[in-house]
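Protein sequences appear in the order of chains A and B. If you're matching positions, the first sequence starts at 68 in this note's numbering and goes up one per residue. If you're matching positions, the second sequence starts at 68 in this note's numbering and goes up one per residue. The next block holds one structure in the form of structure tokens; read it before the comments.
2 protein chains.
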Amino acid sequence: MSTPQKSPLNEPPPGEPVAKNKGVRADARRNRERILAAADQVFAESGPGASTEQIAAVAGTAVGTVFRHFPTKRALLQAIMKDLLCQLIGDAEAFAADEDPATALFAFFTRTVDQAARKKTVIDLLARDGTDVQITEAVRSLHDAVQSLLDAAQAAGGVRPTVQADEVIALLGAMCQATTRDSWSSELQHRTLAIIFEGLAP
Amino acid sequence: MSTPQKSPLNEPPPGEPVAKNKGVRADARRNRERILAAADQVFAESGPGASTEQIAAVAGTAVGTVFRHFPTKRALLQAIMKDLLCQLIGDAEAFAADEDPATALFAFFTRTVDQAARKKTVIDLLARDGTDVQITEAVRSLHDAVQSLLDAAQAAGGVRPTVQADEVIALLGAMCQATTRDSWSSELQHRTLAIIFEGLAP
DNA sequence: TGACAAGATGAGTCTCCACTCATCATCCTG
DNA sequence: CAGGATGATGAGTGGAGACTCATCTTGTCA
Numbered sequence: 068m069s070t071p072q073k074s075p076l077n078e079p080p081p082g083e084p085v086a087k088n089k090g091v092r093a094d095a096r097r098n099r100e101r102i103l104a105a106a107d108q109v110f111a112e113s114g115p116g117a118s119t120e121q122i123a124a125v126a127g128t129a130v131g132t133v134f135r136h137f138p139t140k141r142a143l144l145q146a147i148m149k150d151l152l153c154q155l156i157g158d159a160e161a162f163a164a165d166e167d168p169a170t171a172l173f174a175f176f177t178r179t180v181d182q183a184a185r186k187k188t189v190i191d192l193l194a195r196d197g198t199d200v201q202i203t204e205a206v207r208s209l210h211d212a213v214q215s216l217l218d219a220a221q222a223a224g225g226v227r228p229t230v231q232a233d234e235v236i237a238l239l240g241a242m243c244q245a246t247t248r249d250s251w252s253s254e255l256q257h258r259t260l261a262i263i264f265e266g267l268a269p
Numbered sequence: 068m069s070t071p072q073k074s075p076l077n078e079p080p081p082g083e084p085v086a087k088n089k090g091v092r093a094d095a096r097r098n099r100e101r102i103l104a105a106a107d108q109v110f111a112e113s114g115p116g117a118s119t120e121q122i123a124a125v126a127g128t129a130v131g132t133v134f135r136h137f138p139t140k141r142a143l144l145q146a147i148m149k150d151l152l153c154q155l156i157g158d159a160e161a162f163a164a165d166e167d168p169a170t171a172l173f174a175f176f177t178r179t180v181d182q183a184a185r186k187k188t189v190i191d192l193l194a195r196d197g198t199d200v201q202i203t204e205a206v207r208s209l210h211d212a213v214q215s216l217l218d219a220a221q222a223a224g225g226v227r228p229t230v231q232a233d234e235v236i237a238l239l240g241a242m243c244q245a246t247t248r249d250s251w252s253s254e255l256q257h258r259t260l261a262i263i264f265e266g267l268a269p
């Protein structure tokens, strides 16, 4: 009962934007990355039902290692979802910068749905919020990003002014789930998107 | 090894539209109904993850009885999905008869999504087809029903002529899944539907 | 380089759930 | 109303998967 049983290691207080995680051993950091990558891949292929063992196998570690880094399967899922959200937000900003405002929103929409068809994980991401503070926070950021895209598009006359951001996000989530669950032909997917875009247009 | 081990009992050859199931004992028929009702309720509340034991409890039977009637959890799910599909088709026909063609499609659409918000089962129903011949067949019927609704609406000038039935069904499925998974406010739900209807309009 | 703490390992535990079967109850027919 | 057949029962089986922990390995720092 000397109690040096376990050191958390899961998410050290976010000192800074991943500030090189000072006292953490090099192999530990490496493993964490591998596990994250493996989980991303496995969840993408098999959905959230995939087993931890499977992830460990792909990562080339033992199960215990996975659980050392992420105390719960749920925690692992959340970590990935957070990453994905950040990537989505990045996409949104990129489109806002590159495309003209009238099409940036549509381009972002299409891109996201396309990706969802491959990454089954994105499902729960846009749908469920009641998971974690950090996730909820990331969702808010996404909302903001979509809001900007929408504002610009409306200012440019590309989208009807009465449309609101939560409606866009709702539609986005719905389409992501749908393309994921059963695989529409990409042709059907695009025809369906076209209808939605028509509904958003002035 | 005298082998009177088991009599199937699950879905006797569809002699006629449920022709009173001749040789079937009365309590058996009663139990089948109870189980079906219980499963409908439980799956609606807890999603397809609900355990068979739970369903048996609600039905007031033993697990064994459930498995006597439906050899597999999947089979039970399919039976319910089939019922639901039939009900949907009935709805579609009712709306086609009552409403004017331009709005019948939209009314049916709204009704279905509203119901889905309550019945979690409808999700997999409209999404996944690769389950069973009978289901696939029922899905085809639904497709036909929507097709009629759509044809009439287009003839009446209520829907853009380029819209196709599979697109409508895809949108319908997507919205059902979405409202089901996390509960939008019914207000958001209707605003979102409005956008889609706008997209379908000429 | 040696020593020790941080980390990795993986067999084992625990829980949950779909499904089975020997036995008992009920229906129905003659 | 008797007796056989059909159906109901529910403890038991098997398997899957999340999570643990005693033990071994390795990175790191003096």
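The beta-carbon is built from N, C-alpha and C at its ideal position, and this holds for glycine as well.
What number of angstroms, rounded off, separates the C-alpha of SER113 (chain A) from the C-alpha of ALA106 (chain A)?
-> On the first sequence, position 46 is the one that residue 113 (chain A) refers to. On the first sequence, position 39 is the one that residue 106 (chain A) refers to. Whole-angstrom Cα-Cα distance: 10 Å.
Limits of the unbroken alpha helix (DSSP H) element including VAL230 (chain A) | Here residue 230 (chain A) refers to the residue found at position 163 of the first sequence. No alpha helix (DSSP H) contains VAL230 (chain A), which DSSP labels as neither H nor E.
Just the C-alpha distance for PHE137 (chain B) and ASP211 (chain B), rounded to the nearest angstrom, thanks.
-> Residue mapping note: residue 137 (chain B) aligns to position 70 of the second sequence, counting from 1. Residue mapping note: residue 211 (chain B) aligns to position 144 of the second sequence, counting from 1. Whole-angstrom Cα-Cα distance: 29 Å.
Rounded separation between LEU209 (chain A) and ARG97 (chain B) - CA only | What you label residue 209 (chain A) is simply residue 142 of the first sequence in a count that begins at 1. What you label residue 97 (chain B) is simply residue 30 of the second sequence in a count that begins at 1. Cα to Cα, the separation comes out at about 52 Å.
Where do the N-terminal and C-terminal ends of the alpha helix (DSSP H) with ASP107 (chain B) fall, by residue?
-> Locating residue 107 (chain B) in the second sequence gives position 40, where the first residue counts as 1. ASP107 (chain B) -> alpha helix (DSSP H) spans 93-113.
Would you say VAL130 (chain B) and GLU120 (chain B) are within 7 Å of each other, going by their C-beta atoms?
-> Walking along the second sequence from the start, residue 130 (chain B) turns up at place 63. Walking along the second sequence from the start, residue 120 (chain B) turns up at place 53. Taking 7 Å as the Cβ cut-off, VAL130 (chain B) and GLU120 (chain B) qualify as a contacting pair.
9 Å Cβ cut-off: residues of chain B touching GLY266 (chain A) = Numbered from its first residue, the first sequence carries residue 266 (chain A) at position 199. By Cβ distance, chain B contributes ALA261, ILE262, ILE263, PHE264, GLU265, GLY266, LEU267 and ALA268.
With C-beta atoms as the reference, is ALA232 (chain B) less than 7 Å away from LEU152 (chain B)?
-> Walking along the second sequence from the start, residue 232 (chain B) turns up at place 165. Walking along the second sequence from the start, residue 152 (chain B) turns up at place 85. In this structure, LEU152 (chain B) does not lie closer than 7 Å to ALA232 (chain B) by Cβ.
Output yes if chain B places a C-beta closer than 7 Å to the C-beta of ARG258 (chain A); else output no.
-> On the first sequence, position 191 is the one that residue 258 (chain A) refers to. For ARG258 (chain A), the answer is yes, since a Cβ of chain B falls inside 7 Å of its Cβ.
When we look at the beta-carbon of ARG141 (chain A) and count the other beta-carbons within 10 Å, is it buried (16 or more) or exposed?
-> Here residue 141 (chain A) is taken as the residue at index 74 of the first sequence, counted from 1. Exposed, since its Cβ has fewer than 16 Cβ neighbours within 10 Å.
How many Å lie between ARG207 (chain B) and ALA95 (chain A) at the Cα?
-> For this step, residue 207 (chain B) is matched to residue 140 along the second sequence. For this step, residue 95 (chain A) is matched to residue 28 along the first sequence. About 54 Å.
Please determine, among B:THR247, B:THR203, B:ARG135 and B:GLU100, the residue with the shortest C-alpha to C-alpha distance to GLN145 (chain B).
-> Here residue 145 (chain B) corresponds to residue number 78 of the second sequence, with the count starting at 1. It is B:THR203.
Residue nearest to ARG99 (chain A) in terms of C-alpha spacing, selected from A:ALA111, A:ALA117, A:GLN214 and A:ILE147 = Working through the first sequence from its first residue, we reach residue 99 (chain A) at position 32. Measuring from the Cα of ARG99 (chain A), the nearest candidate turns out to be A:ILE147.
Keeping to the same chain, check which residues put their C-beta closer than 6 Å to that of PRO80 (chain B); ignore five residues upstream and five downstream.
-> Working through the second sequence from its first residue, we reach residue 80 (chain B) at position 13. Confidence at PRO80 (chain B) is low in this model, with a pLDDT of 45, below 50, so its placement is unreliable and the value that follows should be read with caution. Excluding residues within five positions, none has a Cβ falling inside 6 Å.
What residues from chain A crowd round VAL226 (chain B), counting only those whose CB sits closer than 8 Å?
-> Counting from one through the second sequence, the residue named residue 226 (chain B) turns up at place 159. Within 8 Å Cβ-Cβ: nothing; VAL226 (chain B) doesn't reach chain A, min ~10 Å.
Report, in whole angstroms, the separation of the C-beta atoms of GLN244 (chain A) and GLN244 (chain B), which I expect to be a contact under 8 Å.
-> Taking the first residue of the first sequence as position 1, residue 244 (chain A) is located at position 177. Taking the first residue of the second sequence as position 1, residue 244 (chain B) is located at position 177. GLN244 (chain A) to GLN244 (chain B), Cβ: 5 Å. Contact.
Quick one: which chain B residues come within Cβ less than 7 Å of ASP233 (chain A)?
-> Here the question's residue 233 (chain A) lines up with position 166 in the first sequence. The answer, in chain order, is LEU255.
How big is the Cα-Cα spacing for TRP251 (chain A) and MET242 (chain A)?
-> Along the first sequence, read from residue 1 onward, the residue named residue 251 (chain A) stands at position 184. Along the first sequence, read from residue 1 onward, the residue named residue 242 (chain A) stands at position 175. Their Cα atoms are separated by approximately 11 Å.
Enumerate, from N- to C-terminal direction, the unbroken alpha helix (DSSP H) stretches of 4 or more residues contained entirely within the segment 208-264 of chain A.
-> 232-248
Near-chain B residues of the segment 237-251 of chain A (beta-carbon distance less than 7 Å), N- to C-terminal order | ALA237, LEU238, GLY240, ALA241, MET242, GLN244, ALA245, ARG248, ASP249 and TRP251
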